[in-house]
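J.:
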Amino acid sequence: MASFIFHILSLILFHLFLASSARTPTRREQTGIRATLTLVDSGQTLPKYTSTNPLTNDPSASLVKSPLKASRDVYSMNLAIGTPPVSFSAMMDTGSDLIWTKCKTRGSGSARSFDPSESKTFSQVDKSCTELKLDGCNQNYADGNSVSVSLGQETLKVGDENFKNVTFACGTPDKDIPYDGILGMGRGDLSLVSQLKESVFLYCLGSRFEPKTSSVLLTGSKATSQNINTQTTPLLKQDGKSYYYVSLEGISVGKTKLAVTKSDFAISSYDGSGGMIIDSGTTFTYLEKGIVNMISDEFIKQTKLVKHGNHNPYMGLEHCFKPPGNVHVPNVVFHFEGADWVLQRQNYIYEKNGKNVACLAFIANNEDYDHVSIFGNMNQQNMMVVYDLDNNNLSFKPADCKNL
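In case it helps, the working numbering puts the sequence shown at residues 2 to 405.
So, in structure tokens, the structure goes:
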């Protein structure tokens, strides 16, 4: 009898051990979105897609891994909306909130456009554009582009995951764009991360100069599992704004630290405060004109490269020169609070194949009205960038994006 009781107790303990061991998720069991990103080439002056809607910056007042695609402009990803699902490409944009896609309306739209009337899961939203801070049902962007929108709720597929009742908009852009919509990833209520209640997400943007590279967006535990051996800087919050601000304290070119201070970057064109916006939807980096000139002067001093004679801005870039070739090019370092972001050659020198010109990937703000510093996506190539909204910080490290 004693041996029988011992045997039963042994079995119970064994199964308890198995149950407790099974609680640790494997890599395959990690939750979150995984989506591939693709680089999209607009073939035009590069956009500054930071939103200017009241929800973010008013000039008048579940889990995923997804691939990203790249262009010399912006990074997009393939999504699907509705039932049956209609695929569309959307630019991944941390500088805005709204999720929108081109739609068929009144007989207009391409065969690929989403038609809400043909979806079994489409429904109207119970709030107006005004309540959602979309003035006049328009989504406005800092480059002057605008999209007229009508709101609804739908099933949205991101990576391999389906999400029901996601608020989105059918959008009609005021000019042609090389993708079907925008996936807003800002702090505001309408963004994907807010609607899915994601507290951590990351992306890794592959180089636009390496055709076989890949880019990826991760959320949930798929993202948190990667956040090791990184540098970390605080995210600065501002009431009423959904941008991701970081505190830039200085810039170095090679071993030379420029004569700039934190106060030179803590500027907003609207309320005189803030920091530098980190933005996946803006291609180049925007700084005050004097700071861009200092970077250029020190770069030319160290490299002895010959400035390009054409005074017309090339893709919006003014500081151009003959391609460096084998000339040693110094790193440019952005000194954020508690962390140094090192920019190697391909992160800040824009070169177009077949053109005898290269340019520094920094654009001077308009001196009359635009004093917002923006850290663009070219500077973020080949870096894993982690947004931790619970702890309110941004982490980063060099990475081979295809291995995430």
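In this text, a Cβ means the ideal position worked out from N, Cα and C, and glycines have one as well.
The structure displayed is predicted, hence computed values, not measured ones.
So residue 83 and residue 120 are in contact, right, with Cβ under 8 Å, and what is the actual spacing, rounded?
T.: The Cβ separation is near 4 Å, so the contact holds.
J.: So the candidates are 306, 231, 328 and 337; which of them puts its Cα closest to the Cα of residue 322?
T.: Considering only alpha carbons, the answer is 306.
J.: Does the region 332 to 339 touch the region 207 to 217, meaning 3 or more C-beta pairs lie closer than 8 Å?
T.: Touching, no, given that fewer than three Cβ pairs across the two stretches are closer than 8 Å.
J.: Kindly indicate which three-state DSSP category residue 307 falls into: helix, strand or coil?
T.: Of the three classes helix, strand and coil, the one that applies to residue 307 here is coil, per DSSP.
J.: Only counting the same chain, and skipping five residues up and downstream in sequence, which positions put a Cβ closer than 7 Å to that of residue 138?
T.: Result list for residue 138: 130, 149, 150 and 151, in chain order.
J.: Skipping 5 residues on each side, what residues in its chain have a beta carbon closer than 6 Å to that of residue 257?
T.: The residues are 299.
J.: Tell me the rounded alpha-carbon separation between residue 225 and residue 294.
T.: Whole-angstrom Cα-Cα distance: 39 Å.
J.: For residue 291, count neighbouring C-beta atoms within 10 Å of its own C-beta (all shown protein chains included) and say buried if the count is 16 or more, exposed if not.
T.: Per the 10 Å Cβ criterion, exposed.
J.: Residue 86 to residue 114, Cα distance in whole Å?
T.: Rounded to whole angstroms, residue 86 to residue 114 spans 11 Å at the Cα level.
J.: Do residue 281 and residue 78 have their C-beta atoms within less than 8 Å of each other?
T.: No; because the gap between Cβ atoms is not below 8 Å, this pair is not in contact.
J.: Please report the straight-line C-alpha distance between residue 182 and residue 90, rounded to a whole angstrom.
T.: Answer to the nearest angstrom: the Cα atoms are 6 Å apart.
J.: Roughly how far, in whole angstroms, is the beta-carbon of residue 104 from the beta-carbon of residue 400, given that I think they are within contact range, below 8 Å?
T.: In fact, because the Cβ distance is near 36 Å, the residues do not count as touching under 8 Å.
J.: May I have the straight-line CA-CA distance separating residue 353 from residue 359, to the nearest angstrom?
T.: If I take the Cα positions, the gap works out to 7 Å.
J.: As a quick exercise: from 96, 38 and 223, pick the residue whose alpha carbon is nearest that of residue 278.
T.: Minimum Cα distance to residue 278 is reached at 96.
J.: List the whole-angstrom C-beta distance separating residue 344 from residue 334, where the pair is believed to meet the contact cut-off of C-beta under 8 Å.
T.: Confirmed, about 7 Å.
J.: Start and end of the alpha helix (DSSP H) containing residue 348?
T.: From DSSP, the alpha helix (DSSP H) with residue 348 extends over 346 to 349.
J.: Where DSSP assigns a beta bridge to residue 375, which residues make up the other side?
T.: In the DSSP output, where bridge partners are listed per residue, residue 375 has 278 and 287.
J.: Compute the distance between the beta-carbons of residue 247 and residue 390, then report whether it is under 8 Å.
T.: Not closer than 8 Å, so no.
J.: Measuring alpha carbon to alpha carbon, tell me which residue in 328, 382 and 392 is nearest residue 210.
T.: Ranking the options by Cα distance to residue 210, first place goes to 382.
J.: For residue 386 and residue 397, I'd like the C-alpha separation in whole angstroms.
T.: The alpha-carbon atoms of residue 386 and residue 397 are separated by roughly 5 Å.
J.: Cα separation between residue 199 and residue 259?
T.: Computed Cα separation, rounded: 38 Å.
J.: I'd like to check one pair, residue 361 with residue 320: are the Cβ atoms closer than 8 Å?
T.: Going by C-beta atoms, residue 320 is nearer than 8 Å to residue 361.
J.: According to DSSP, simplified to helix, strand and coil, what is residue 300?
T.: Residue state, collapsed to three classes: helix.
J.: Between residue 76 and residue 201, is the Cβ-Cβ spacing less than 8 Å?
T.: No, Cβ-Cβ distance for residue 76 and residue 201 is not below 8 Å.
J.: Drop a sphere of 10 angstroms on the beta-carbon of residue 102, count the other beta-carbons inside from all chains shown, and report buried for 16 or more, exposed for fewer.
T.: Its Cβ being crowded by 16 or more others within 10 Å, residue 102 is buried.
J.: Below 8 Å between beta carbons: does that hold for residue 117 and residue 153?
T.: Yes, they are a contact pair.
J.: Using C-beta distances below 6 Å, list every residue in its chain close to residue 346, excluding the 5 sequence neighbours before and after it, in chain order.
T.: Excluding positions up to five away in sequence, the list reads 330.
J.: Is DSSP giving residue 166 helix, strand or coil here?
T.: Three-state DSSP puts residue 166 in a strand.
J.: If you draw a straight line from the C-alpha of residue 375 to the C-alpha of residue 161, how long is it?
T.: Residue 375 and residue 161: Cα-Cα distance of roughly 32 Å.
J.: Just to confirm before moving on: does the CB-CB distance between residue 203 and residue 100 stay below 8 Å?
T.: No.
J.: What's the C-alpha gap between residue 349 and residue 232?
T.: For residue 349 and residue 232, the distance between alpha carbons rounds to 20 Å.
J.: Leaving aside the five residues before and after residue 266 along the sequence, list all residues of the same chain whose C-beta is less than 7 Å from its C-beta, in chain order.
T.: Counting only Cβ-Cβ distances below 7 Å, and skipping sequence neighbours, we find 249, 276, 277 and 374.
J.: Just the C-alpha distance for residue 62 and residue 141, rounded to the nearest angstrom, thanks.
T.: Per-residue confidence for residue 62 stands at a pLDDT of 25, beneath the threshold of 50, marking its modelled position as unreliable; the derived number appears in the next sentence. About 14 Å.
J.: Taking the DSSP output, what are the residues bridged to residue 352?
T.: Its beta-bridge partners are 359.
J.: Below 7 Å, is the gap between the Cβ of residue 293 and the nearest heavy atom of the ligand FMN?
T.: Ligands in the displayed structure: none, and consequently the ligand FMN is not present.
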